[in-house]
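Quick notes on the structure that follows.
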Amino acid sequence: MIRLPLIGALALALTACNGEPDAPQYGSSPNLPEPQRGLLPSMKIPRPANWGNDLPTVPQGFKIQPIATGLKIPRQTLVLPNGDILVAEGSGGYAPSLRPKDLIAGFIKSLGKSSEKGGNRLTLLRDADGDGTYEMQGIFADNLNAPYGLALIDGSLYVANQDSLVRFDYSDGQTQASGPPVKVVDLPAVINHHWTKAMTASADGRFLYVGIGSNSNISERGMDAEEDRAMIWQIDVQTGMHKPYATGLRNPTALTVQPGSGQLWAVVNERDEIGPNLVPDYLTSVQEGGFYGWPYSYWGQNVDPRAQPQDPEKVAAAIRPDYSLGSHVAALGVAFSNPAMGENFAEGVFVGQHGSWNRSAPVGYKVIFVPFRDGRPAGEPIDFVTGFLIDEGNTRGRPVGVTVDPKGALIVADDLSNTIWRVTRN
Amino acid sequence: MVAVSSPGSLRPLHPLHAILLAFPFPLFLGALISDVAYWRSFHVQWANFSSWLIAGGLLVGAFALLWALIDLFRRTIRTGRTIAYFVVLFVMWALGFVNALVHAKDAWATMPEGLYLSAIVTILALVATWIGYSGIHDGEVR
Chain A
758 MIRLPLIGAL
768 ALALTACNGE
778 PDAPQYGSSP
788 NLPEPQRGLL
798 PSMKIPRPAN
808 WGNDLPTVPQ
818 GFKIQPIATG
828 LKIPRQTLVL
838 PNGDILVAEG
848 SGGYAPSLRP
858 KDLIAGFIKS
868 LGKSSEKGGN
878 RLTLLRDADG
888 DGTYEMQGIF
898 ADNLNAPYGL
908 ALIDGSLYVA
918 NQDSLVRFDY
928 SDGQTQASGP
938 PVKVVDLPAV
948 INHHWTKAMT
958 ASADGRFLYV
968 GIGSNSNISE
978 RGMDAEEDRA
988 MIWQIDVQTG
998 MHKPYATGLR
1008 NPTALTVQPG
1018 SGQLWAVVNE
1028 RDEIGPNLVP
1038 DYLTSVQEGG
1048 FYGWPYSYWG
1058 QNVDPRAQPQ
1068 DPEKVAAAIR
1078 PDYSLGSHVA
1088 ALGVAFSNPA
1098 MGENFAEGVF
1108 VGQHGSWNRS
1118 APVGYKVIFV
1128 PFRDGRPAGE
1138 PIDFVTGFLI
1148 DEGNTRGRPV
1158 GVTVDPKGAL
1168 IVADDLSNTI
1178 WRVTRN
Chain B
16 MVAVSSPGSL
26 RPLHPLHAIL
36 LAFPFPLFLG
46 ALISDVAYWR
56 SFHVQWANFS
66 SWLIAGGLLV
76 GAFALLWALI
86 DLFRRTIRTG
96 RTIAYFVVLF
106 VMWALGFVNA
116 LVHAKDAWAT
126 MPEGLYLSAI
136 VTILALVATW
146 IGYSGIHDGE
156 VR
């Protein structure tokens, strides 16, 4: 007799989670609902599906082709001065399962990932005759450790492994590294809950900026584990000396420098498990010395009580990001466009969105374009590459890094179908 | 709550059943103490300890519960006492499961619900164990 009401109450508690109003959450002042969570976090993991003869969808006037397939978890790409494309392939992280939950959630999330093992290498793609087919595909460097960020400064190719920044010598036209890389500096790698080390070079080539994600969702591994985490380092290329450039950025997964102004921009993945429409992932210009809230607060001064003890001074100092991309979209790539992409897409950034897990209606799983005016985000984003998600239960790809080829092409790494896509104007 | 029958007809639980029943109370009590430690110290490792202690109590407790359920259908020993034992054990397990889900939330999100649930589940484990170890009635069919 006690049983029935109890089971009823349990079922109610489990499902009473989410109405999920699809509030538009784009722009500088997104709608932020009250935090909420049922007994179980909302989880919806679209399963991998095949492309068959289909291709992703691009806007009128553009076409898309796969230029490399069969890769080993491609994440970020770099277009070299001669037009060759380098692809960083790998999969990192050493985070142990601390709780029964970690085992279960880890298994469920793995259902939405490629079964391929990370390549720990750089692949070079070349289109020698310029016909849009990258007929040459070879291994530029091997035996790396989950490489992710890539940057080229004056004949030096920098690669951000999950545990160290390394340098290769590079000369135009080279198809293979001349030897093993030289280590510039160790990067924070303990646990590596968020392992990706995003990277970009300053406009003058003096500095590299490296994004280092937090070691937890919301401090549940303890604050000791967060030393040197959730921040962007500025590294002096000559000396290897580094300092925190900006902090409180939960997981800065892609960095880029704005042409002209030299301003550093980042896309950042925000915290999970407080509702389908919290907390928005964002695109922001990164202010030197700035603090962006994690773990104490989000979107400025919205306190997250899960982080205890709280730090009111930090909360008061937290900067509101520039542009909301929507909650749980998992932005993993960012690149500034150029006029070669056509007048509708000449000024703005492309953002690769890996797609959600913590939401019953999946979001992300596409590449968007955020238009800029006078050097700032202005207006609604425009879908640029879609069609990855077939329906709510299946996806054919998951976009990660995006790179703009100066000649007028968008390069998209897809770590589910292990493909590099190239979008060009007709 | 307990149907009284003549003294001397109580018999102890089967030794293996008794061993299974020995787990939930100390494990849930450990979880409660860990929760109190987390409450006082903010040190998240205590919350991790609680999660595993609760999982352990549920795992072994599930077998004790299953045994109690089977006893319920063995007509010769279905008495008020065996029903009470099963019901308390069942509620302990169900709330313990809810508590495990609450403890799967990140960091301070387990508080304060996790602490309260740990206290309730610990008391229920104590009661269930007490009833169980008091012996079950033999013979009388009700």
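First to last, the sequence lines map onto chains A and B. Letter 49 of the first sequence, counting from 1, is numbered 806 in our numbering, and no numbers are missing. Letter 76 of the second sequence, counting from 1, is numbered 91 in our numbering, and no numbers are missing. Ideal Cβ positions, reconstructed from N, Cα and C, are used throughout, including at glycine. Computed from a predicted model, the values in this text were never measured in an experiment.
Subject >> Spatial distance of ALA987 of chain A from VAL113 of chain B (CA atoms) >> reply: Taking the straight line joining both Cα atoms gives about 32 Å.
Original post:
What residues in the region 976 to 991 of chain A bring their beta carbon closer than 8 Å to a beta carbon of chain B?
Top reply: Here the close residues are SER976, GLU977, ARG978 and GLY979.
**OP:** Could you tell me which residues DSSP puts in a beta bridge with THR1181 of chain A?
**Re:** A:LYS820 and A:ALA1166
**OP:** Following the continuous alpha helix (DSSP H) through GLN60 of chain B, name the residue where it begins and the one where it ends.
**Re:** 59 to 88
Subject >> Beta-carbon proximity list for THR932 of chain A, same chain, < 6 Å, skipping 5 on both sides >> reply: Cβ neighbours of THR932 of chain A beyond the five flanking positions: LEU881 and GLY895.
Subject >> Interface residues of the region 41 to 67 of chain B facing chain A [CB-CB below 8 Å] >> reply: PHE57, HIS58, VAL59, GLN60, ALA62, ASN63, SER66 and TRP67
Original post:
Nearest-angstrom Cα distance between MET893 of chain A and ARG883 of chain A?
Top reply: 5 Å
Original post:
Between VAL941 of chain A and VAL994 of chain A, what straight-line distance do the alpha-carbon atoms span, to the nearest angstrom?
Top reply: 8 Å
Original post:
Assuming ALA1192 of chain A and GLY968 of chain A make a contact with CB atoms under 8 Å, what is their CB distance in whole Å?
Top reply: Lying before the first or after the last residue shown, residue 1192 of chain A is absent from chain A, which here runs from 758 to 1183.
Subject >> Pairwise C-alpha distance: PRO1096 of chain A and LEU922 of chain A >> reply: Rounded to the nearest angstrom, the two C-alpha atoms are 32 Å apart.
Original post:
Near HIS1085 of chain A, which residues of its chain fall below 8 Å by C-beta distance, leaving aside the five closest residues on each side in sequence?
Top reply: Scanning its chain for C-beta atoms nearer than 8 Å, with the 5 sequence neighbours on each side dropped, one finds around HIS1085 of chain A the residues ASP1029, PRO1033, ASP1038, SER1113, TRP1114, ASN1115, ARG1116, VAL1120 and GLY1121, in chain order.
Subject >> Helix, strand or coil at SER56 of chain B according to DSSP, with G and I counted as helix >> reply: helix
Subject >> MET107 of chain B in three-state terms, based on DSSP >> reply: helix
Original post:
Can you tell which of B:LEU31, B:HIS32, B:SER49 and B:ALA70 has its C-alpha closest to the C-alpha of PRO127 of chain B?
Top reply: B:SER49
Original post:
With a cut-off of 8 Å, does the C-beta of TYR148 of chain B fall near any C-beta of chain A?
Top reply: no
Original post:
What are the boundary residues of the beta strand (DSSP E) that includes LEU1082 of chain A?
Top reply: 1080 to 1084
**OP:** Taking 8 Å as the threshold, find out whether the region 1062 to 1069 of chain A comes into contact with the region 1098 to 1109 of chain A through three or more Cβ pairs.
**Re:** Look at the beta carbons and you see the region 1062 to 1069 of chain A not touching the region 1098 to 1109 of chain A: under three pairs across the two are nearer than 8 Å.
**OP:** Could you work out which residue in B:ASP86, B:HIS118 and B:VAL136 is closest to PRO41 of chain B when comparing CA atoms only?
**Re:** B:VAL136
Subject >> Which listed residue (A:THR1160, A:ARG1182 and A:ASN1151) has its alpha carbon closest to that of LYS870 of chain A >> reply: A:ASN1151
Original post:
Along the chain, where does the alpha helix (DSSP H) that runs through GLU791 of chain A open and close?
Top reply: That residue, GLU791 of chain A, is in no alpha helix (DSSP H); it is neither H nor E in DSSP.
Original post:
By Cβ distance, which residues of its chain are closer than 8 Å to GLY863 of chain A, with the 5 residues on each side in sequence left out?
Top reply: SER854
Subject >> Residues from the region 995 to 1009 of chain A in contact with chain D, defined by Cβ distance under 7 Å >> reply: In the structure shown, chain D does not exist; the protein chains are A and B.
Original post:
Taking all protein chains shown into account, do 16 or more other C-beta atoms lie within 10 angstroms of the C-beta of ALA1073 of chain A, making it buried, or fewer, making it exposed?
Top reply: exposed
**OP:** Could you list which residues in chain A have their beta carbon closer than 8 Å to that of TRP123 of chain B, in chain order?
**Re:** Simply PRO1062, ARG1063, ALA1064 and GLN1065.
Subject >> Distance between TYR53 of chain B and VAL1108 of chain A (C-alpha atoms, nearest Å) >> reply: 40 Å
**OP:** Please go through the region 994 to 1060 of chain A and give each complete beta strand (DSSP E) segment of 3 or more residues, from N-terminal end onward.
**Re:** Fully enclosed beta strand (DSSP E) runs of 3 or longer: 999 to 1004, 1009 to 1014, 1021 to 1025 and 1037 to 1042.
Original post:
From the beta carbon of ALA140 of chain B, is the nearest beta carbon of chain A less than 8 Å away?
Top reply: no
Subject >> C-alpha distance - VAL1180 of chain A paired with ASN807 of chain A, whole-angstrom precision >> reply: 20 Å
Original post:
Excluding sequence positions up to five away, which residues of its chain have a Cβ less than 6 Å from the Cβ of THR834 of chain A?
Top reply: Leaving aside the five residues that flank THR834 of chain A on each side, the residues in its chain whose CB is nearer than 6 Å to its CB run, in chain order, ILE842, VAL844, GLY1158, THR1160, ILE1168 and ALA1170.
Subject >> Proximal residues, the region 852 to 872 of chain A versus chain B, C-beta separation under 7 Å >> reply: LEU855, ARG856, PRO857 and LYS858
Original post:
Is GLU984 of chain A buried or exposed, if buried means 16 or more other CB atoms sit within 10 Å of its CB?
Top reply: exposed
Original post:
Who pairs with TYR915 of chain A in a beta bridge, going by DSSP?
Top reply: A:ALA908 and A:ARG924
Original post:
Considering only C-alpha positions, which residue in the set A:ASP888, A:TRP1022 and A:ALA1087 is nearest to GLN822 of chain A?
Top reply: A:ASP888
Original post:
Contact between the region 995 to 1008 of chain A and the region 1044 to 1059 of chain A: three or more CB pairs below 8 Å?
Top reply: yes
**OP:** Taking only the alpha-carbon atoms, compute the straight-line gap between ALA770 of chain A and ALA1023 of chain A and give it to the nearest angstrom.
**Re:** Any answer about ALA770 of chain A is weak, because its pLDDT of 43 lies below 50 and its placement is not dependable; what the coordinates show is given next. Approximately 38 Å, taken between the alpha carbons.
Original post:
Just how far apart, CA to CA, sit LEU796 of chain A and SER65 of chain B?
Top reply: 17 Å
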